[in-house]
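Student:
In my numbering, the protein residues as written are 182 to 598.
Written as structure tokens, this is what we have:
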């Protein structure tokens, strides 16, 4: 541990030299002066806009199409059993996906600094909605969790807004305080307080999985933001006993960990979902059993259209299908990193980094659960799982990425093509 702490400054030096070219400045220019000049140079930026990242656009649309197909395939039997027809979930998902794609293209045309300007208002609104969840008349409960607000027949999760608002706010804040970021009191502590409060509101819903992913995204943003590595390691170590208490002091979470560690002993109860997920993946073989021919969706695998849609992909399209989906997310990660590196200012750099991390961490957790690498978390697969506010706000995030790419560096300045 002492070696890790002693190497913190060296790691930050490597990071600032090789991984974050957007952080480099002339030595005579202070961070505050540089930040102010960037904020006042919007007109110049708009004069040199490029088209949005076409590869990111195609990958996103590809994932949305895969999601629409798989939502219908995985949910048709469940919809027939619970509702009036096999297309119940598919029709709702299709409307939301179409709306999300339209919003994505609209957001791509908006200067991303507008979102940064209203980041505090977005964050305040999200946190207020999290607290509104405790008002019985408008809150909607499901699976013993109070995570949704229902108004005018429409349900959405405030945590979806909060996680995006936190990324936007953190991007702006990191850009503003680069001259103080290595101080614990001025640099790190405010983030710990803000994220601690936000994550606490999410944990009590209860939704530990979302809270953990938000924490992981924060650590990634702090790392690229040049926060001292020793501070980040300290935060990570301090989080271990808190996470331990949140897991082992709550009965069902403790059971999930026990089921994860000893899957063979609980296949009829707490390990049932994971067991059925692995059956689905193994049944697919190399090429799959064919679209619509899954047997696990015949009410064997719970939540086949949400938490375990990746398992149905593996069953119907085999190893090849899962590799294609993984490849699409890897391409998204590559394009997101490229957009961050080519951002014209620190806000764009941090914002692109945070949004890319948010999407990829969610994908990693969902796929990890489906393949029994991680315990059950209840997180959706971005773009692919059936969803409402999650799908919409993830597409808003991609729209912001496209906006940053449109206002990136000139072609002659770009790196990582």
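Heads up, the beta-carbon is just placed ideally off N, CA and C, and yes, glycines get one too.
Where residue 234 and residue 515 are concerned, what is the direct C-alpha to C-alpha distance, given to the nearest angstrom?
Tutor: The residue labelled residue 234 in the question sits at position 53 within the chain shown. The residue labelled residue 515 in the question sits at position 334 within the chain shown. Cα to Cα, the separation comes out at about 12 Å.
Student: So, with DSSP's three-state summary, where would you put residue 455?
Tutor: Looking up residue 455 in the chain shown gives position 274. Note: residue 455 maps to helix in three-state DSSP.
Student: Does DSSP classify residue 315 as helix, strand or coil?
Tutor: By one-based count along the chain shown, residue 315 stands at place 134. DSSP places residue 315 in coil when its eight states are reduced to three.
Student: Among 502, 341 and 477, which residue has its Cα nearest to the Cα of residue 466?
Tutor: On the chain shown, residue 466 is found 285 positions in, with the first residue counted as 1. Residue 502 is the option with its Cα nearest to residue 466.
Student: Taking residue 452 as the reference, give the member of 468, 481 and 473 with the closest Cα.
Tutor: One-based indexing of the chain shown puts residue 452 at position 271. For the residues 468, 481 and 473, the minimum Cα distance to residue 452 belongs to 481.
Student: Would you kindly report the start and end of the unbroken alpha helix (DSSP H) that includes residue 367?
Tutor: As a position in the chain shown, residue 367 is number 186, starting the count at 1. Premise fails: residue 367 is in no alpha helix (DSSP H) and is neither H nor E.
Student: Let's test the definition: count the other Cβ atoms within 10 Å of the Cβ of residue 578 and tell me whether it reaches 16, buried, or not, exposed.
Tutor: Locating residue 578 in the chain shown gives position 397, counting from the first residue. Looking at its Cβ environment, which holds 16 or more other Cβ atoms inside 10 Å, residue 578 is buried.
Student: Straight-line CA distance for residue 248 to residue 271?
Tutor: One-based indexing of the chain shown puts residue 248 at position 67. One-based indexing of the chain shown puts residue 271 at position 90. Spanning the two alpha carbons is a distance of roughly 10 Å.
Student: Look up residue 438 in the DSSP assignment and say whether it is helix, strand or coil.
Tutor: Taking the first residue of the chain shown as position 1, residue 438 is located at position 257. Reduced to three states, the DSSP call for residue 438 is helix.
Student: Distance, Cα to Cα, residue 299 vs residue 306?
Tutor: For the purposes of this step, residue 299 is identified with residue 118 of the chain shown, where counting begins at 1. For the purposes of this step, residue 306 is identified with residue 125 of the chain shown, where counting begins at 1. Taking the straight line from one Cα to the other gives about 11 Å.
Student: Rounded to whole angstroms, what is the Cα-Cα separation between residue 250 and residue 468?
Tutor: On the chain shown, residue 250 is found 69 positions in, with the first residue counted as 1. On the chain shown, residue 468 is found 287 positions in, with the first residue counted as 1. Spanning the two alpha carbons is a distance of roughly 17 Å.
Student: Does DSSP put residue 407 in a helix, a strand or coil?
Tutor: Residue numbering aside, residue 407 sits at position 226 when the chain shown is read from its first letter. Residue 407: coil per DSSP, three-state reduction.
Student: Could you tell me how far apart the beta carbons of residue 580 and residue 337 are, in whole angstroms, since I believe they sit closer than 8 Å?
Tutor: Counted from its first residue, the chain shown places residue 580 at position 399. Counted from its first residue, the chain shown places residue 337 at position 156. The pair is not a contact, with the Cβ atoms about 18 Å apart (cut-off 8 Å).
Student: I'd like to confirm the pairing. Which residues does DSSP put opposite residue 337 in its beta bridges?
Tutor: In the chain shown, counting from the first residue as 1, residue 337 sits at position 156. 330.
Student: Got a sec, what are the start and stop residues for the alpha helix (DSSP H) residue 496 sits in?
Tutor: On the chain shown, residue 496 is found 315 positions in, with the first residue counted as 1. Its alpha helix (DSSP H) spans residues 490 to 522.
Student: Please state the DSSP three-state secondary structure of residue 418.
Tutor: What you label residue 418 is simply residue 237 of the chain shown in a count that begins at 1. Helix at residue 418.
Student: Suppose the cutoff is 7 Å on Cβ atoms and the five residues either side in sequence are ignored; what does the same chain contact list for residue 535 look like?
Tutor: Translated into positions along the chain shown, residue 535 becomes position 354. Result list for residue 535: 348, 351, 352, 398 and 402, in chain order.
Student: Give every residue of the same chain whose Cβ lies closer than 7 Å to the Cβ of residue 137, excluding the five residues on either side of it in the sequence, and list them in chain order.
Tutor: This structure gives no information on residue 137, because the portion of the chain shown stretches from 182 to 598.
Student: Terminal residues of the continuous alpha helix (DSSP H) containing residue 486?
Tutor: Along the chain shown, one-based indexing puts residue 486 at 305. Unbroken run through residue 486: none, as it is neither H nor E.
Student: Would residue 533 pass as a contact of residue 544 if the rule is Cβ separation under 8 Å?
Tutor: As a working note, residue 533 is residue 352 in the chain shown. As a working note, residue 544 is residue 363 in the chain shown. It is not a contact, given that the beta carbons lie outside the stated cut-off.
Student: I'd like to know whether the C-beta atoms of residue 340 and residue 388 end up nearer to each other than 8 Å.
Tutor: Within the chain shown, the letter at position 159 stands for residue 340. Within the chain shown, the letter at position 207 stands for residue 388. Yes, these two residues count as a Cβ contact at 8 Å.
Student: Sorted by chain position, which residues of the same chain lie with C-beta nearer than 8 Å to residue 553's C-beta, five sequence neighbours on each side aside?
Tutor: By 1-based counting over the chain shown, the position of residue 553 is 372. Answer for residue 553: 441, 444, 455, 458 and 459, listed in chain order.
Student: Going by the beta-carbon positions, is the gap between residue 490 and residue 562 smaller than 8 Å?
Tutor: One-based indexing of the chain shown puts residue 490 at position 309. One-based indexing of the chain shown puts residue 562 at position 381. Closer than 8 Å, so yes.
Student: Excluding sequence positions up to five away, which residues of its chain have a Cβ less than 6 Å from the Cβ of residue 257?
Tutor: As a first step, residue 257 is located in the chain shown; it is residue number 76 there, counting from the start. Excluding positions up to five away in sequence, the list reads 267.
Student: Taking the alpha-carbon of residue 315 as reference, which of 304, 331, 589 and 302 has the nearest alpha-carbon?
Tutor: On the chain shown, position 134 is the one that residue 315 refers to. Ranking 304, 331, 589 and 302 by Cα distance to residue 315 puts 331 first.
Student: Please report how far the alpha carbon of residue 282 lies from the alpha carbon of residue 427, in whole angstroms.
Tutor: Against the chain shown, residue 282 aligns to sequence position 101. Against the chain shown, residue 427 aligns to sequence position 246. Each residue's alpha carbon lies about 37 Å from the other.
Student: How many Å lie between residue 493 and residue 365 at the Cα?
Tutor: Residue mapping note: residue 493 aligns to position 312 of the chain shown, counting from 1. Residue mapping note: residue 365 aligns to position 184 of the chain shown, counting from 1. If I take the Cα positions, the gap works out to 46 Å.
Student: Please state if the CB of residue 289 and the CB of residue 245 are separated by a distance shorter than 8 Å.
Tutor: Within the chain shown, residue 245 is the residue found at index 64, counting from 1. Within the chain shown, residue 289 is the residue found at index 108, counting from 1. Cβ atoms of residue 245 and residue 289: not closer than 8 Å.
Student: Any chance the CB of residue 278 is under 7 Å from a heavy atom of the ligand FAD?
Tutor: With respect to the ligand FAD, the structure shown offers nothing to examine, as it has no ligands at all.
Student: Applying the criterion that 16 or more other CB atoms from any shown protein chain within 10 Å of the CB defines a buried residue, is residue 182 buried or exposed?
Tutor: Numbered from its first residue, the chain shown carries residue 182 at position 1. Low confidence applies to residue 182: its pLDDT is 40, below 50, so where it sits in the model is not reliable, and the reading given next is rough at best. So residue 182 ends up on the exposed side.
Student: Which residue from 541, 424, 309 and 254 puts its Cα closest to that of residue 473?
Tutor: By 1-based counting over the chain shown, the position of residue 473 is 292. That would be 254, whose Cα lies nearest to the Cα of residue 473.
Student: Does residue 294 come out as helix, strand or coil in the three-state DSSP assignment?
Tutor: Mapped onto the chain shown, residue 294 falls at position 113. Residue 294: helix per DSSP, three-state reduction.
Student: Give the secondary structure of residue 467 by DSSP, where H, G and I count as helix, E and B as strand, and everything else as coil.
Tutor: On the chain shown, position 286 is the one that residue 467 refers to. Three-state result, residue 467: coil.
Student: Based on Cα-Cα distance, which residue from 483, 312, 564 and 384 lies nearest to residue 509?
Tutor: Position 328 of the chain shown holds residue 509. The shortest Cα separation from residue 509 among 483, 312, 564 and 384 belongs to 564.
Student: Three-state secondary structure (DSSP) at residue 473?
Tutor: Taking the first residue of the chain shown as position 1, residue 473 is located at position 292. DSSP places residue 473 in coil when its eight states are reduced to three.
Student: For the alpha helix (DSSP H) that residue 256 lies in, which residues bound it at each end?
Tutor: Along the chain shown, one-based indexing puts residue 256 at 75. Looking at the DSSP string, the run of the alpha helix (DSSP H) that includes residue 256 is 235 to 263.
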